[in-house]
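Input: a single structure, listed below in structure tokens.
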Amino acid sequence: MTMKITFKDGTIVNYPAGVTPLEVARSLSPRLAKEVVVARVNGRLHGLNEPLPGDASLEFLTFEDEDARMVYRHSTSHVLAQAVKRLYPEARLAIGPAISDGFYYDFDVPRAFTPEDLERIEKEMQAIIAADLPIERFELPREEALQLAQGAGENYKVELISALAPNEVISFYRQGEFVDLCTGPHLPSTGRIKSFKLLNVAGAYWRGDEQNKMLQRIYGTSFPKASLLKEYLFRLEEAKRRDHRKLGAELDLFSIHEAGPGFPFFHPKGMVLRNELERFWREEHAKNGYQEIRTPIILRQELWERSGHWDHYKENMYFTSIDGENYAVKPMNCPGGVLVYRSKPHSYRELPIRLGELGLVHRHELSGVLHGLMRVRCFTQDDAHIFCRPEQVEAEIARIIDLTEYFYREVFGFDYHVELSTKPEKAMGSNEIWELATSALRGALEARGLDYRVNEGDGAFYGPKIDFHLRDCLGRTWQCGTIQVDFLMPEKFELAYIGEDGERHRPVMIHRVIYGSLERFIAILIEHFAGAFPVWLAPVQVRVLPITDRHAAYGREVAETLRRAGVRAEFDGRNEKVGYKIREAQVQKIPYMLVVGDREVESGTVSVRHRAKGDLGAASLEGFADRILGEINAKTR
RNA sequence: GCUGGUGUAGCUCAGCGGCAGAGCAGCUGAUUCGUAAUCAGCAGGUCGUCGGUUCAAAUCCGACCACCAGCUCCA
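The first sequence: position 357 = 357 (the numbering used here), numbered continuously.
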């Protein structure tokens, strides 16, 4: 008996029945057999030592492949669980999946794991890997599966099995004495895991529900080569080095105090960054047909009852009272924008009306989630509300996508991806209206040929949304921009415009932000550039460093000339050696240092040093001014 | 909010029942120097807050506050 195996390149080869992917790989190349992690058989992942079902298409996946990495890490999580069961037999197993950069496993244990525990567990994992235990799959009927889990006292596994659909295949994986419920597939044996590390421990609720018991989660990662693990750990270190909270203090950009947890204070240098971002934003929005408004921070509670925020967003809002009346601090800018629109009647000829607002909003976030400028309790959204006719919606969305693309990619150099979020459980409005809004967003994305992921049930309470997730230089993604289509707010506030037919019609409202919030965007910029901002954003663009007191007058004049030309230039007249001043300017990541001594005074020049390129030699003051002004205007990165 | 951890000078940290400490930063003085740290001196503290144990608390115990790592949530 033979079976026909079709490879990715289309060639077909006969193999004896019951052959495993690993055996096929060996027949092709020893190197492939060594590197292959998992197979894809007829489009589905298939363990390397599980016999092929018959004639099939076969593809070999190595660690390069996302799916293979997940399998590799998933098997590592089983090794972790096995080690924990050996050392702490009383531990109950919950779940242990692979995640984007590694894996975790949740355990129910009487006490929290300590770093010393992790070391012991790592040692035991080494032993399991060294023993190269074969990993074998087996399936059981529901009753026997339940008996197996119950017999082992694994109550969480019992719960998982009970929750499986009646027709689902229930599979287990065995390695040595250890058996775990798992869909698989897995590596053929534990020895395939070359390099791993347990990273940290954290509490996590069973099934992510805070009503449930808190379990102990161990995070880790693994790689087929030690060098890859080392690289990954370096990336973690680098992320720590670039932490905006650390750099924010060192570069004197902002601070947060016990007096106001989650309410950041911006220092003069942080304000330069903010103001530059705002200035650029205003310029681009004016070019794109936006008008700017500003609406109050505190407004009557009734307004928020009418907008639906009272019903859907109360827990996140702050309240106060004025002259015995109830007021709320705004958590969003939309009702304010609506009131501006409603302040006079509108003709269809005016639409779309694009009202931008750098609006300061306050939200009550849980204390445990606050994080520097990334997650705060008050922040400034670069908001805009677009009021348009239904047939204009798609074109408006396309315009916003263009503008966002320009900001992210052209100016800041970020790559990004897009996600579409649909109707959540706790939402206002009918399914029909949501479907209409969602298809408008989908239509705009598809017209533009943008790839997107769908997050079911993740929309805002008043409408579906597109989110922009930008990717920084360490490969991390951050949610920033969003576009939301809203048919409900216009309904609630009875917004209208007079159409061609002379009748009243309902406009559609589009909510959108590009930076997202100035605070979060600044945090991302700090980490992305590691504090070395492009010249146009740098709080201090030039520092003039005289070599001795003799050169102070000239140095002061150089700085003053640059300031008059619109450059943010400082003069460092302290009685220190030039090396010391350079070091300090470097640490502050100031783009340009101008050293001035006898030579420069005599010839009326400056010696230019760039923070990254080093000594660039002498230049005339005008020549240098042209150079830096050119970079500032071009927003050179 | 929940679990675990951490709060000592502006920053990084030592001290862990018996006099509050170091380096860097700051201030003063000397030095006048050519591309990442010149030398010397001085000053700097409610040891997160409140309470308890003790002859004695930065140190041990409790509560609270803040921060950190996660969970959950989100711009």
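Virtual Cβ for every residue (Gly too), placed ideally from N, Cα, C.
Under the Cβ criterion (8 Å, minimum of three pairs), the region 77-95 counts as touching the region 128-141. The residues L251, D252, L253, P539, V540, in chain order, have a CB closer than 8 Å to that of K269 in the same chain once the five nearest residues on each side in sequence are set aside. For the set T190, W310, D572, the Cα lying nearest the Cα of Q175 is the one of T190. Taking 3 residues as the shortest admissible run, the region 365-418 contains the following complete beta strand (DSSP E) segments, listed from N- to C-terminal end: 378-388. The count of Cβ pairs closer than 8 Å, one atom from the region 452-463 and one from the region 416-425, reaches three, so the stretches are in contact.
According to DSSP, P134 shares a beta bridge with S189. Bounds of the alpha helix (DSSP H) holding D67 are 66-87. One Cα belongs to G443, the other to E432, and the distance between them is close to 16 Å.
Assignment of Y462 by DSSP, reduced to helix, strand and coil, places it in the coil class. Under DSSP, N212 forms no beta bridge with any residue.
Comparing alpha carbon positions, the residue from I632, R637, G614, V601 closest to S620 is V601. Distance check between M317 and each of G324, P331, E305, I547 places P331 closest, using alpha-carbon atoms only. For Y341, the enclosing alpha helix (DSSP H) stretches over residues 334-342. Secondary structure at M317: coil, using DSSP grouped into helix, strand and coil. Taking one beta carbon from each stretch, the region 274-283 and the region 337-354 have fewer than 3 pairs nearer than 8 Å; the two do not touch. The C-beta distance from G337 to E357 rounds to 7 Å, short enough to meet the 8 Å contact threshold. Following the DSSP letters along the chain, one finds Q175 inside the beta strand (DSSP E) bounded by residues 170-175. The beta carbon of K635 lies closer than 7 Å to those of V411, P534, W536 in the same chain, with the five residues before and after it left out. Contact between the region 131-141 and the region 104-120 is not established, with fewer than three Cβ pairs separated by less than 8 Å. Shown here, A112 sits in coil according to DSSP, grouped into three states, outside any helix or strand.
By the CB criterion at 8 Å, A496 and K589 fall outside the cutoff. Look at E283 here: in three-state DSSP terms it is helix. Linking H528 to H267 through their CA atoms gives a straight-line distance of about 20 Å. Of the residues assessed, M1 falls on the exposed side of the cut-off, its CB having fewer than 16 other CB atoms within 10 angstroms.
Distance from the CA atom of G308 to the CA atom of G429, rounded to whole angstroms, is 11 Å.
Rounded to whole angstroms, N155 and S162 show a C-alpha spacing of 11 Å. In this structure, the CA atom of S517 is about 49 Å from the CA atom of F178. Of the candidates P546, I397, A460, A398, the residue whose Cα lies closest to the Cα of K426 is A460. The beta carbons of P185 and V24 sit about 15 Å from each other, so the pair does not count as a contact at 8 Å.
Of Y515, V508, E491, the smallest CA-CA separation from F468 is found for Y515.
Counting only residues of its own chain and dropping the five nearest sequence neighbours on each side, N333 has a CB closer than 7 Å to the CB of T295, E357, G359, V361, Q381, D383. For M3, the secondary structure class from DSSP, reduced to helix, strand or coil, is strand. The shortest CA-to-CA distance from E325 to any of E315, L303, Y313 is the one to L303. For L445, same chain residues with a beta-carbon under 6 Å away, outside a window of 5 residues either side, are Y452 in chain order.
At a Cβ-Cβ threshold of 8 Å, V376 and P264 count as neighbours. Under the DSSP definition of a beta bridge, Q484 partners with K465, H511.
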